[in-house]
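Student: The numbering of the sequence shown is our numbering, which starts it at 32 and goes up by one. Just so you know, even glycine gets a beta-carbon here, dropped at the ideal spot from N, CA and C. Before anything else, here's the structure in question.
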Amino acid sequence: MARKQVLVQLDDDLVEALDAAAEEAGLSRSELLRTAARALLESRVIARDEAALVAAYRRRPQDPLLVETARRLAAENVSEW
Numbered sequence: 032m033a034r035k036q037v038l039v040q041l042d043d044d045l046v047e048a049l050d051a052a053a054e055e056a057g058l059s060r061s062e063l064l065r066t067a068a069r070a071l072l073e074s075r076v077i078a079r080d081e082a083a084l085v086a087a088y089r090r091r092p093q094d095p096l097l098v099e100t101a102r103r104l105a106a107e108n109v110s111e112w
């Protein structure tokens, strides 16, 4: 995958914290930032999808009978830890 070099200005304390986290994780600062950027973007997609799901349920709430049936089935079929 092609990579592009970008310049980002960060406060010294943030750079120190990033370097400490990278060292702890055994990663370079660049790899840590790439991983963090991917995680941020993925979390935004998940948040958007969750918001869409909540909105859908507000438009059409679950059938209470279906919810109760699912709860009972789950209680009957969940194995004990």
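If Leu49 sits next to Leu63, beta carbons under 8 Å apart, how far is it from one beta carbon to the other, in whole angstroms?
Tutor: The pair is a contact, with the Cβ atoms about 6 Å apart (cut-off 8 Å).
Student: Taking only three categories from DSSP, how would you classify Leu38?
Tutor: The answer is coil: DSSP assigns Leu38 none of H, G, I, E or B.
Student: What is the rounded straight-line gap between the Cα of Gln93 and the Cα of Ser74?
Tutor: Their backbone Cα atoms lie some 26 Å apart in a straight line.
Student: Please go through the same chain and pick out, in chain order, the residues whose beta-carbon is closer than 8 Å to the beta-carbon of Glu99, but skip the five residues on each side of it.
Tutor: Nothing meets the Cβ criterion.
Student: Restricting to Cα atoms, I'd like to know which of Ala52, Ala101, Pro95 and Leu104 is closest to Thr66.
Tutor: Checking every option, the nearest Cα to that of Thr66 belongs to Ala52.
Student: Relative to the C-alpha of Lys35, which candidate in Ser61, Ala78 and Val46 has its C-alpha closest?
Tutor: It is Ser61 whose Cα lies nearest to the Cα of Lys35.
Student: Express the C-alpha separation of Ala87 and Glu81 in angstroms, rounding to a whole number.
Tutor: Going from the Cα of Glu81 to the Cα of Ala87 covers about 10 Å.
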